[in-house]
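**Q**
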Amino acid sequence: MNTLDWEGKVGDEIRTVFGEHQVGLPQPETLLSVSQIDPSGFKSFVRETRAILLVQKGEKEGVVVKKNKYSAPQILVYATAKDDEGLINLIKTKGKDMMHTFQNADIKFLQSLFKKERLADSNFKTLKNLGISIDIPKRFKLVDDTGDFLWLRQHLKSGIARGDGTNNILIYSVPLEDETKVADNITAVRDTIGKKYIPGSKEGMYMITEQAYTPFTFETELDGKKAYETRGKWEVKNDFMAGPFLNYTIVDKKNNRLIVFEGFTYAPSVNKRDFVFELEAIAKSMKIK
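Residue numbers (the UniProt record's numbering): 1 to 289.
#1: For Lys284, count neighbouring Cβ atoms within 10 angstroms of its own Cβ and tell me buried if that reaches 16, exposed if not.
#2: Keeping to the same chain, check which residues put their C-beta closer than 7 Å to that of Met207; ignore five residues upstream and five downstream.
#3: Could you give the first and the last residue of the continuous alpha helix (DSSP H) run that contains Ala183?
#4: Going by DSSP in three states, Val17 sits in which element: helix, strand or coil?
#5: Is Lys94 closer than 9 Å to Val143 when the C-beta atoms are compared?
#6: Would you mind stating whether Thr220 and Leu246 have Cβ atoms separated by less than 9 Å?
#7: Could you tell me the boundaries of the alpha helix (DSSP H) in which Phe109 lies?
#8: Given this structure, state the Cα-to-Cα distance separating Asp239 from Lys96, to the nearest angstrom.
#9: For Ala161 and Met205, what's the separation of their Cα atoms in angstroms?
#10: Identify whether Glu210 lies in helix, strand or coil by the three-state DSSP scheme.
#11: Spatial neighbours of Lys66 within its chain, please: C-beta separation below 6 Å, excluding the five flanking residues on both sides.
#12: Kindly provide the ranges of any beta strand (DSSP E) runs that are 3 or more residues long and lie completely inside the segment 123-148, ordered along the chain.
#13: Looking at the structure shown, is Lys272 part of a helix, part of a strand, or coil, going by DSSP?
#14: Cα-Cα, which of Gln74, Asn256, Lys125, Ile169 is closest to Val182?
#15: Measure the C-alpha to C-alpha separation of Val17 and Thr49 and round it to an integer number of angstroms.
#16: For Leu258, report the span of its beta strand (DSSP E) as first-last.
#17: Taking only beta-carbon atoms, is Ile208 less than 9 Å away from chain B?
#18: Could you tell me which of Asp223, Gly147, Asp106, Ser122 sits nearest to Glu170, measuring between CA atoms?
#19: According to DSSP, which residues form a beta bridge with Asn167?
#20: To which residues does DSSP link Tyr172 through a beta bridge?
#21: According to DSSP, is Val46 helix, strand or coil?
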């Protein structure tokens, strides 16, 4: 967009809408990272960027989405209005839809990469027993697979102050008892699982939901089924380890159970948004038979 507009009220509105923070992270991080370039510099390799928002003035007001115009995969969103006031209103009313368009494209891009290097579902007793197919990249290594509970871990090699950080995936199921209470019980269920399966370094230490921070739970859909997305922070009881978690609790009425996917990150000295976003892309590839 025009540099003058970027430095004025139109740019302020973009920074407000696109500067929304991702919930559930220990430090403030925006949902998307945004940088501006003037139309005069929009050429050569810049045009091949994967996600582009073009803000422009014109008679035909509205938002148009195009794909793969200069490279692939690529998503271009054209936001057009007659004047500054129109652009501000357009970004205010349609900005979240634009963000979701970019996020969904990023998820599909990551999933296409993970599908090429996925672990075989048949390698894991728990996935077979639960009738689950999911695209988890091979860099995740097995920690525990009981037949009822699966734990996979990826070691994060760079930028971590205290040893290797990790990205972790948990998959398990619990009985569906009262559908009206599913959302209220998510924290209690994950704390029970943490105590049983996720130990700390010493006796009496195990993973719990951070008590000083209330998780955010949203109703959503996964694999065509009603689900709840919960974002919050975990900690180890009686220890100083902590980080963000992402939990999807899926209502599988057909089998009278809840399927739970949880991802959690331990990366004490770096930003964690992108690690959690990878876990989200993996979770959303899940298919329940």
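For glycine and all other residues, C-beta sits at the position ideal for the given N, C-alpha and C.
**A** Working from what's here:
#1: Buried, since its Cβ has 16 or more Cβ neighbours within 10 Å.
#2: For Met207, same chain residues with a beta-carbon under 7 Å away, outside a window of 5 residues either side, are Gly194, Ile198, Trp234, Val236 in chain order.
#3: Per DSSP, the unbroken alpha helix (DSSP H) holding Ala183 starts and ends at 182-197.
#4: Three-state result, Val17: helix.
#5: Result no, Cβ atoms of Val143 and Lys94 do not sit closer than 9 Å.
#6: With respect to the 9 Å criterion, Thr220 and Leu246 are not classified as neighbours on the basis of their beta carbons.
#7: Where Phe109 is concerned, the enclosing alpha helix (DSSP H) stretches over 84-116.
#8: Cα to Cα, Asp239 sits roughly 38 Å from Lys96.
#9: Low per-residue confidence applies at Ala161: pLDDT is 44, beneath 50, and the placement is therefore not dependable, though the value from the model is reported in the following sentence. Spanning the alpha carbons of Ala161 and Met205 requires a straight line of approximately 22 Å.
#10: Correct three-state label for Glu210: coil.
#11: If we look at Lys66 and ignore the five residues flanking it on each side, its Cβ neighbours are Leu76.
#12: Runs found: 141-145.
#13: In the structure shown, Lys272 sits in coil (DSSP, three-state: anything other than H, G, I, E or B).
#14: Minimum Cα distance to Val182 is reached at Asn256.
#15: Counting only the Cα atoms, Thr49 lies some 21 Å from Val17.
#16: Counted as a single uninterrupted DSSP element, the beta strand (DSSP E) harbouring Leu258 occupies residues 257-266.
#17: No chain B appears in the structure shown, which is made up of a single protein chain.
#18: The amino acid at residue 170 is misidentified as Glu; the sequence shows Leu. Closest by alpha carbon: Gly147.
#19: Gln154, Thr265, per the DSSP bridge assignment.
#20: Phe149, Val260.
#21: Looking at Val46 - three-state DSSP - the assignment turns out to be helix.
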